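Numbered according to the working numbering, the sequence shown spans residues 24 to 387.
Where a beta carbon is used, it is the ideal one built from N, C-alpha and C, also for glycine.
Predicted model only: the values in this text are computed from it and were never measured.
One structure below.
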Amino acid sequence: MKKSALVALAGIAAVSVALTGCGRSEPTAEGDGDAAGFASDATIGVALPDRTSENWVLAGDLFENGLEEAGFTGDVQYAGSSNAVGDQQQQIQQMIDGGAEVIVIGAADTNQLATQLEAADAAGITVIAYDRLIQNSDLVDYYVAFDNFHVGELQAESLLQGLEERFPGQEPWNIELFSGSSDDSNSAVFFDGAMSVLQPAIDDGTLNVVSGQTTVQQTATEDWAAENAQNRMDTIITSSYQGVELHGVLSPNDNLARAIIASATGAGFPVPVVTGQDSEVASVESIVAGEQYSTIYKDTRALVAATIDMVSQLQAGEEVTTTGEQDNGATEVPSNLLEPVIVTQENAAEAYADNPDLEPLTQP
């Protein structure tokens, strides 16, 4: 790898924020400059996608406040919803031209940043992929995220648990599968994690995907748009569920989960077992009310804190906290992966006990 800010990577204890995992030894990163890092008040760019979920909005606020508290000059930008990829490309170039030392990127499209990464590399800027791993480039220095394969595993396990609770002894359970947007590298990771749990149950007849749509391409929800999920669920119900019970749906996030539930109940079905992710307020309320079955708690505060800690380590010329490496198709990117938490009605109060915004929602 490259850049003046890069330092040797070694196994150290994971960043001391909630939900982070333990470190392990990493290969040495090759730097070509001063290991002392950069100025303590340096500009740090943060390029985020459009405001598609509550977590992205919260992340922007946390980055602005956290970078300022750490002594850096933060430049936090969101891409516009109508031209997210083009906007983000332009914003990253402006950060490069403005002299940022580090650019944190929550990619609008994980395959559309080659030109910007080359420009950042030429300028000696360290690139940290945030939440979404930028694909097919050896110019990504670090990746900070939750363990997204494990997110999928947890979603699938909770789907099976919910089916056993709500529809005991009614196997084979009729289910449908949804995945995220095809331009988000996390979508396939979530789906692959889930299918590692669900496929054996499909193969042995415990689960029946009535529509027959079982690939990530067939199940994709472009732009993570709720209306796209609801339209697809409407179509599936019309074509495959006339006189057939719908027991459960694998949904990759909360926004889609609520749309799927609306489709099912609008067609006259009882609420099926539906998974989610992001712990959005409306979905936490739905879970507590016994509707949506589960969500994933990925504490955005912890993820942003881990990212800012990484920036501070780079600034000080210290070893950078990593828990392993993730393959982006071109290289193994040193990564710090935090642990997600599955949340159901049963454990919601405990899971959100330290979150002042979500904990009150779990009270009667």
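C-alpha gap between residue i and residue j, whole angstroms
i	j	result
L381	L81	13 Å
A52	P195	Below a pLDDT of 50, predicted positions are generally treated as unreliable, and A52, at 39, falls in that range; the measurement from the model is reported next regardless. One C-alpha to the other measures close to 51 Å.
G228	V334	49 Å
D257	A287	8 Å
S358	Y165	6 Å
A305	F213	22 Å
T238	Q114	34 Å
L360	Y153	11 Å
E141	F172	29 Å
S63	P293	57 Å
S39	I331	Low local confidence applies: a pLDDT of 35 at S39 is under 50, so the model's placement there is unreliable, with the coordinate-based value given in what follows. Straight-line Cα distance between these residues: approximately 12 Å.
V232	Q253	17 Å
S210	L337	30 Å
D84	R324	10 Å
L200	G266	20 Å
Cβ-Cβ separation, residue j to residue i (assumed contact under 8 Å), whole Å
i	j	result
S208	R155	6 Å
A339	G89	About 16 Å; that fails the 8 Å criterion.
A329	V167	5 Å
D120	P363	D120 to P363, Cβ: 36 Å. No contact.
Own chain, CB closer than 8 Å to residue i, minus 5 neighbours either side, in chain order
i	result
V366	S302, V307, I310, S317, T318, I319, Y320, A374, Y375
S181	T298, Y316, S317, I365, T367
Among the options, nearest to residue i - alpha-carbon criterion
i	options	result
Q158	I148, A131, E188	A131
T298	G147, I260, H270, D350	H270
P191	V296, I331, S234	V296
S12	D215, N251, L136, P275	Because the chain here runs from 24 to 387, residue 12 falls outside it and cannot be looked at.
Q111	D73, N278, G291	D73
Q12	D206, G103, V343, E176	The requested residue 12 does not occur in the structure, where the chain is confined to residues 24 to 387.
G273	G94, L183, I119, T261	It is worth fixing the name first, because residue 273 is Leu in this sequence and not Gly. Nearest of G94, L183, I119, T261 to L273, Cα basis: L183.
A312	I225, T385, A107	T385
A102	W79, G216, D350	W79
F86	L71, P383, G109	L71
Sequence-distant residues of its chain with Cβ nearer than 7 Å to residue i (five each side left out)
i	result
A123	T66, I67, G68, D98, I148
6 Å Cβ shell around residue i - same chain, five flanking residues per side excluded
i	result
G185	V296, Y316
S104	D73
E355	E348
D161	A353, T354
What are the start and end residues of each continuous alpha helix (DSSP H) run of 4 or more residues lying completely inside the segment 226 to 309, in chain order?
-> 239 to 242, 249 to 263, 277 to 289
With a floor of 3 residues, list each beta strand (DSSP E) that falls wholly inside the segment 150 to 182, ordered by position along the chain.
-> Runs found: 165 to 169.
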